[in-house]
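Q: The numbering used here applies: residue 173 is where the sequence shown begins, and numbers increase by one.
A virtual CB, placed ideally from N, CA and C, is assigned to each residue, including glycine.
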Amino acid sequence: MGIFDKDPLPDFSDVGGSAKAPSANRADADFSDVQGSSSTTASSGEQSYTVKSGDSLSKIAKHFYGDGNKWHQIHAANRDKIPNPDLIHPGDVLIIPGA
Numbered sequence: 173m174g175i176f177d178k179d180p181l182p183d184f185s186d187v188g189g190s191a192k193a194p195s196a197n198r199a200d201a202d203f204s205d206v207q208g209s210s211s212t213t214a215s216s217g218e219q220s221y222t223v224k225s226g227d228s229l230s231k232i233a234k235h236f237y238g239d240g241n242k243w244h245q246i247h248a249a250n251r252d253k254i255p256n257p258d259l260i261h262p263g264d265v266l267i268i269p270g271a
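(1) Does DSSP put Leu266 in a helix, in a strand, or in coil?
(2) How big is the Cα-Cα spacing for Gly226 and Asp239?
(3) Do you know offhand how far Asp258's Cα is from Asn250's?
(4) Check Ser225 in the structure and name its three-state DSSP category.
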């Protein structure tokens, strides 16, 4: 048997379970309960927000500031927690600076 005569790769098409690829479109996140997950700090106008599945900094900025391009403000206030602004995790508690 030569080097090129070995068996083909096994067929894994019948393996049970299913996987769902994450959505590349974050535009479908639900912000209907955002008010319940934020709190205000009266002295500085800052708020805290708990990240939910599907959130992005631009979506959070759009909700709080009305402008998704202001995500930089949120990132700057949370640089110690989120070194990569494209990677936030559900359960992260972020500071939302006053507008």
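A: Concretely, from the data shown:
(1) Along the sequence shown, one-based indexing puts residue 266 at 94. The three-state secondary structure of Leu266, taken from DSSP, is strand.
(2) In the sequence shown, residue 226 corresponds to position 54, counting from 1. In the sequence shown, residue 239 corresponds to position 67, counting from 1. Taking the Cα positions, Gly226 is about 18 Å away from Asp239.
(3) On the sequence shown, position 86 is the one that residue 258 refers to. On the sequence shown, position 78 is the one that residue 250 refers to. Taking the straight line joining both Cα atoms gives about 13 Å.
(4) Numbered from its first residue, the sequence shown carries residue 225 at position 53. Of the three classes helix, strand and coil, the one that applies to Ser225 here is coil, per DSSP.
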